[in-house]
Amino acid sequence: EAQVTQNPRYLITVTGKKLTVTCSQNMNHEYMSWYRQDPGLGLRQIYYSMNVEVTDKGDVPEGYKVSRKEKRNFPLILESPSPNQTSLYFCASSFQPGTNTEAFFGQGTRLTVV
Amino acid sequence: AQRVTQPEKLLSVFKGAPVELKCNYSYSGSPELFWYVQYSRQRLQLLLRHISRESIKGFTADLNKGETSFHLKKPFAQEEDSAMYYCALTTGNQFYFGTGTSLTVIP
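Residue numbers (the numbering used here), protein chains in the order written: chain A, 18 to 131; chain B, 2 to 108.
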C-alpha cells in the first residue's frame, strides 16, 4: 500500500531533550516536506527536500533540523525542544510540485513539550 | 507573503443547504490549485485539483484568474462533509496551504 508513515504518533517530552520524528514513504517520491498544524494558523511548512541531500527552509524552520540521506526517509530533528514547538506535525511526499502533483500526508505526530 | 487566503476559519451550514468555502491566492505565475480535506482524526487527503475540473463527493471548484479565487462549492451539504478544508497552491518547488476552514454541517 502506498503510504507515508510517521513515528511516533504521540510524543510527550521535556524542554531541551533532543528528539527525532521519523517519516518514510514508499512511493519513490522526490519531494518531501514537514508541516506543523496549529489552531488558527493552518499548515505551515517547516522544511522541504527536493531530492536526496537537497533540503531547504520553509516558512517556520527555527528550532528544527532535517536530513535527506535516502530518498524514502526524511526525519525531523528537534535538537532542543521548547514548549512553543508543541504542535501537530505532518510529513508529506510527492513528485516534484507542479501540474497535477498530489501531496500524500502521514498520519501526524502530536508533540507536547513540557 | 501570504499566497493562499481562506478568510473563514469556521463555517456552519444546515444539512441540505449550499456551501461555499472561499479561497483567494496570490501568485504571479500560472497557479496550480488544490483543495485538501482532513476528516476527524484522519490525515489530510486530496479532494480535488483545478487542472482536472472534476467533481468529487459533489464538490466543485472553479479557478477564476480575474478574481484570483478558487472557491469550493457544493449545492447540498451532507453531515459527512464536516471536516477541515485546506486550499493549496503549488509553485515550482513548494506547496503553500491556507489557514484552513472548519466546516460543520448541522443535521
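Note that beta-carbon positions come from the ideal geometry of N, C-alpha and C, so glycine has one too. Please read these numbers as outputs of a predicted model, since none were measured by experiment.
{"query": "Quick one: what's I107/B bridged to in DSSP?", "result": "F15/B"}
{"query": "Taking the Cβ atom as the reference point for each residue, do S50/A and Y65/A lie within a distance shorter than 8 Å?", "result": "yes"}
{"query": "Of the residues G123/A, N68/A, T22/A, which one's Cα is nearest the Cα of H46/A?", "result": "N68/A"}
{"query": "Roughly how many whole angstroms lie between the Cα atoms of T72/A and F96/B?", "result": "14 Å"}
{"query": "Kindly list, in the order they appear in chain B, the residues whose Cβ is closer than 9 Å to that of T118/A.", "result": "E33, F35, R50, T91, F96"}
{"query": "Using 8 Å as the threshold, is the stretch 49-64 of chain B in touch with the stretch 24-40 of chain B, meaning 3 or more CB pairs across them?", "result": "yes"}
{"query": "Considering just the uninterrupted stretch of the beta strand (DSSP E) at R89/A, what are its terminal residues?", "result": "That residue, R89/A, is in no beta strand (DSSP E); it is neither H nor E in DSSP."}
{"query": "Restricting to runs no shorter than 4 residues, where is the alpha helix (DSSP H) found entirely within the stretch 21-72 of chain B?", "result": "none"}
{"query": "Would T69/B and L58/A be called neighbours here (beta carbons separated by less than 8 Å)?", "result": "no"}
{"query": "Round the Cβ separation of N43/A and Q62/A to the nearest angstrom and send it over; I've been treating them as touching at under 8 Å.", "result": "With 8 Å as the limit, N43/A and Q62/A do not qualify as a contact, their Cβ atoms being about 22 Å apart."}
{"query": "Let's test the definition: count the other Cβ atoms within 10 Å of the Cβ of R53/A and tell me whether it reaches 16, buried, or not, exposed.", "result": "buried"}
{"query": "Does any residue of chain A bring its CB to less than 8 Å from the CB of R54/B?", "result": "no"}
{"query": "Span of the beta strand (DSSP E) holding A89/B?", "result": "84-91"}
{"query": "I'd like to know whether the C-beta of S132/A is nearer than 8 Å to at least one C-beta of chain B.", "result": "The structure shown does not extend to residue 132/A, since chain A spans only 18 to 131, so no value can be given for it."}
{"query": "Got a sec? Which residues, its chain only, sit under 8 Å from F121/A by beta carbon, not counting five neighbours each side?", "result": "A19, Q20, V21, Q42, M44, H46, A109, S110, S111"}
{"query": "Can you tell me whether Q54/A is helix, strand or coil according to DSSP?", "result": "strand"}
{"query": "If we define contact as Cβ-Cβ less than 8 Å, is L45/B a contact residue for chain A?", "result": "yes"}
{"query": "Where does P98/A land, buried or exposed, given buried means 16+ other C-beta within 10 angstroms?", "result": "buried"}
{"query": "What does the alpha-carbon distance come out to for the pair S104/A and L95/A?", "result": "13 Å"}
{"query": "Please compile the residues from chain B whose C-beta is within a distance smaller than 8 Å of the C-beta of Q42/A.", "result": "Under the 8 Å cutoff, chain B gives no residues; its nearest Cβ is about 13 Å from Q42/A."}
{"query": "In three-state DSSP terms, what is E7/B?", "result": "Correcting the residue identity first, residue 7/B is Gln in this sequence and not Glu. Note: Q7/B maps to coil in three-state DSSP."}
{"query": "I'd like to check one pair, T91/B with G30/B: are the Cβ atoms closer than 8 Å?", "result": "no"}
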